[in-house]
Amino acid sequence: MIIELLLAFIFGVVVGGLGLYLTLRHIAGTKVKEAQELADKILDESRKEAQVQKKEFLLQAQDEMFRRKKELEQDFREREGELKKQETRLQEKEERLENKLEKVSQKESEVVHLEKTLIQRERDFTLKEERLEELTQTQQRRLQEISGLTVEEAKKRLMEELESQARYESAKTMRQIESETRESADRKAKLILATAIQRYAGEFVAEQTVSAVALPSEDMKGRIIGREGRNIRALEAATGVDLIIDDTPETVILSAYSPLRREVAKQALERLISDGRIHPARIEDIVKKVEQEMDVKLREWGEQATFDVGVHGIHPEIVRLLGQLRYRTSFSQNVLQHSLEVAFVCGIMAAELNLDVKKAKRAGLLHDIGKAVDHEVEGPHAAIGADLAKKYGESKDIVHAIAAHHEEVPPKSVLAVLVQAADGLSGARPGARKELLENYVKRLEDLESMATGMPGVTKAFAIQAGRELRVVVESDQVDDDRTFLLCNDLTKKIEQNLTYPGQIRVTVIREKRAVGYAK
């Protein structure tokens, strides 16, 4: 019974599953058929739409081809027109070239004709020149026969006469020009110089070449000399100064041309004397220490000089060199004091002429800066100073004024002339400089002999310590105009051949006397 029920249940399940399967299969077939129909419908619509789009693309392509065809035709027509224009221009150029060729041919014919004409004229000119040469030679022979002079002699005599006449006329013109300008220019120059001199008050002290050091006792001389002279030799070697120990009581003389070395030696010797320890090693230490202290003092003195003059912005190395000028001399005149004098005088004259006073003072203060190193560098101190000023940033006007104050280069500015004048005033004032008696006498003799060697001069006298030269000429040989010319020639000759401080006045005297006797 149970088995039958179980079999019936299994049969029912199988039949139900088979029915379910057949039902599902029918539904699936129906769905597939519907999907197939939908796919066919979509494909038909796609084909129709593709056909429409294809027609539209074809129409657009035809429109684009038609448009491009029109553009190409338009471009072709424009290029064709341009080519026609170029062809027209080429034709016009060709016509112009043909016209030019015709003109060139005509010109060439004319040139050939002119060339033939010139050749003929050249032949005629050559013949005339030969004829003229023959006539000239004939005339020269006649002139030589008449005058008794050759051509060279006649040329020489004519040149001499022309030269003499030219010198005479130039002297006459120069005298006239100078007489016209002398009243105003000379008065103004003298006024400016006199004002500068009156407004400046300087010292009248000349430097010496020796210094004296006082000793506490005579025994100190022996200690300074040392055993076998080793101390004095060490001191002289370290300072470059000669020590003179003689019979002068309690005194040692230091001799040297360099005031800086003398000062270093003097301070070192005084410290050694006060210290009491005098031996070569101690001498070297003291001298080195004094030199270092002296370098500081040089800078202080240079700064003081710039402060006194009122100029600023000078390079520190230039300031140190200015301080070093305190121990340099020129004709026994202290160069730093001389530079200060020149700066003040330059400033006074610049103020009188309405020029830049500060620039004038600066140029005057630095004009002799080359003397601080001229014993170490070859060349004139003016050129050395100009190089130093240029190296340390001074302006072109200052550099030129320094270079030109002794006319190593010609002065090209008023500032350079002011520095020249102030330099001459400072060096020429009484007591500023001194020279040896032999040099002084030699300079006076040279002045007088130079003047008596000039033509027409009978006597010459150097007066006022060589500051003036008076020359007496023969009135029969030298007239008034030639007197002026002789004065100029003699002045130039003195400037070229003599070295002297300041300036020399040359006076030429021509006197005409008429003597008669009443009986």
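Residues 0 to 518 (numbering that gives the first Met the number 0) make up the sequence shown, in order. Each residue gets a CB set at the ideal place from its N, CA and C atoms; glycine is no exception.
Where residue 251 is concerned, the enclosing beta strand (DSSP E) starts and stops at 250-254. Secondary structure at residue 411: coil, using DSSP grouped into helix, strand and coil. No residue range can be given for residue 370, since it is assigned to no alpha helix (DSSP H) and is classified by DSSP as neither H nor E. Between residue 508 and residue 469, the CB-CB gap stays under 9 Å.
Along the length of the region 247-300, whole beta strand (DSSP E) runs at least 3 residues long occupy 250-254, reported in chain order.
Residue pairing from DSSP places residue 467 in a beta bridge opposite 462 and 504.
Looking at the DSSP output, residue 176 bridges to nothing.
Here the region 312-330 does not lie against the region 283-292, with fewer than 3 beta-carbon pairs under 8 Å apart. The C-beta distance from residue 489 to residue 477 rounds to 12 Å, too long to fall under 8 Å, and the pair is not in contact.
In the same chain as residue 264, and ignoring 5 residues on each side of it, the C-beta atoms closer than 6 Å to its own belong to 238, 240 and 253, in chain order. Between residue 401 and residue 368, the C-beta spacing is below 9 Å. Residue 76 and residue 88 have their C-alpha atoms spaced approximately 18 Å apart. Pairing residue 267 with residue 282, the inter-Cα distance amounts to about 8 Å. Around the beta carbon of residue 53, fewer than 16 other beta carbons sit within 10 angstroms, so the residue counts as exposed. Between residue 317 and residue 362, the beta carbon gap of about 13 Å keeps them out of contact (Cβ cut-off 8 Å).
Linking residue 450 to residue 502 through their CA atoms gives a straight-line distance of about 16 Å. Judged by DSSP secondary structure, residue 313 falls outside any alpha helix (DSSP H); it is assigned neither H nor E. Looking at the backbone, the Cα of residue 275 and that of residue 323 are separated by about 30 Å.
Here residue 425 is buried: its Cβ has 16 or more other Cβ atoms, across all protein chains shown, within 10 Å. Burial state of residue 236 is exposed, judged by a 10 Å Cβ sphere holding fewer than 16 other Cβ atoms.
The C-beta of residue 457 has fewer than 16 other C-beta atoms within 10 Å across all chains shown, which makes the residue exposed. Nearest neighbour of residue 495 by Cα position, chosen from 407, 329 and 78, turns out to be 407.
Rounded to the nearest whole angstrom, the CA to CA distance from residue 308 to residue 343 is 7 Å. In the DSSP annotation of this structure, the continuous segment of the beta strand (DSSP E) that includes residue 243 starts and ends at 241-243. A distance below 6 Å between beta-carbons, with the five flanking residues on each side excluded, links residue 379 to the following residues of its chain, in chain order: 407.
Within a 10 Å sphere around the beta-carbon of residue 388 sit 16 or more other beta-carbons, which makes this residue buried. The three-state secondary structure of residue 457, taken from DSSP, is strand. As DSSP reads the structure, residue 333 sits in a beta bridge with 328.
Taking each of 285, 319, 280 and 284 in turn and checking the Cα distance to residue 299, the smallest one comes out for 319. Checking the DSSP bridge columns, you'll see residue 362 has no partner listed. Burial check for residue 230: the Cβ neighbour count within 10 Å reaches 16 or more, so the residue is buried. By the Cβ-count criterion, residue 74 is exposed, with fewer than 16 other Cβ atoms from all chains shown falling within 10 Å of its own Cβ. Taking the C-beta atoms as reference points, residue 384 is found nearer than 9 Å to residue 366.
Note on residue 67: under 16 other CB atoms within 10 angstroms of its CB, so exposed under the neighbour-count rule. Taking C-alpha positions only, residue 447 is separated from residue 487 by approximately 16 Å. Ranked by Cα distance from residue 225, the options 214, 272, 278 and 249 are led by 278.
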